[in-house]
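Asks:
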Amino acid sequence: MPLPLFLGLIAAVMLAAGATIFAATGAGLPLAALALAALGARLLLMRRRR
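All residue numbers for the sequence shown refer to this note's numbering, where the first residue is 227 and numbers rise by one.
1. What separation, rounded to the nearest whole angstrom, lies between the Cα atoms of isoleucine 247 and leucine 229?
2. Are alanine 243 and alanine 267 close, meaning C-beta to C-beta below 8 angstroms?
3. Is any heavy atom of the ligand COA found at a distance shorter than 7 angstroms from the C-beta of leucine 269?
4. Using the three-state DSSP reduction, which class does proline 228 fall into: helix, strand or coil?
5. For a quick check, are the C-beta atoms of leucine 235 and leucine 271 less than 8 angstroms apart?
Have a look at this one:
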């Protein structure tokens, strides 16, 4: 995997995690939403690795 693509994927995951944390704290959602977002990001990275 080329380095710019890898860095782009990391940036996308960090942006999605930040947006999820902001939404969860702003709306008062439980931490389960954060765990679900982390799991989704991990699955996305694992799928891209194939």
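Note that the Cβ used here is the ideal one computed from N, Cα and C, for glycine as well.
Replies: Here's the rundown:
1. The residue you call residue 247 lines up with position 21 of the sequence shown. The residue you call residue 229 lines up with position 3 of the sequence shown. Their backbone Cα atoms lie some 27 angstroms apart in a straight line.
2. Residue numbering aside, residue 243 sits at position 17 when the sequence shown is read from its first letter. Residue numbering aside, residue 267 sits at position 41 when the sequence shown is read from its first letter. Alanine 243 places its beta carbon less than 8 angstroms from that of alanine 267.
3. What this structure holds is no ligand at all, so the ligand COA is not there to describe.
4. Along the sequence shown, read from residue 1 onward, the residue named residue 228 stands at position 2. Three-state DSSP puts proline 228 in coil, outside helix and strand.
5. For the purposes of this step, residue 235 is identified with residue 9 of the sequence shown, where counting begins at 1. For the purposes of this step, residue 271 is identified with residue 45 of the sequence shown, where counting begins at 1. Taking the C-beta atoms as reference points, leucine 271 is found nearer than 8 angstroms to leucine 235.
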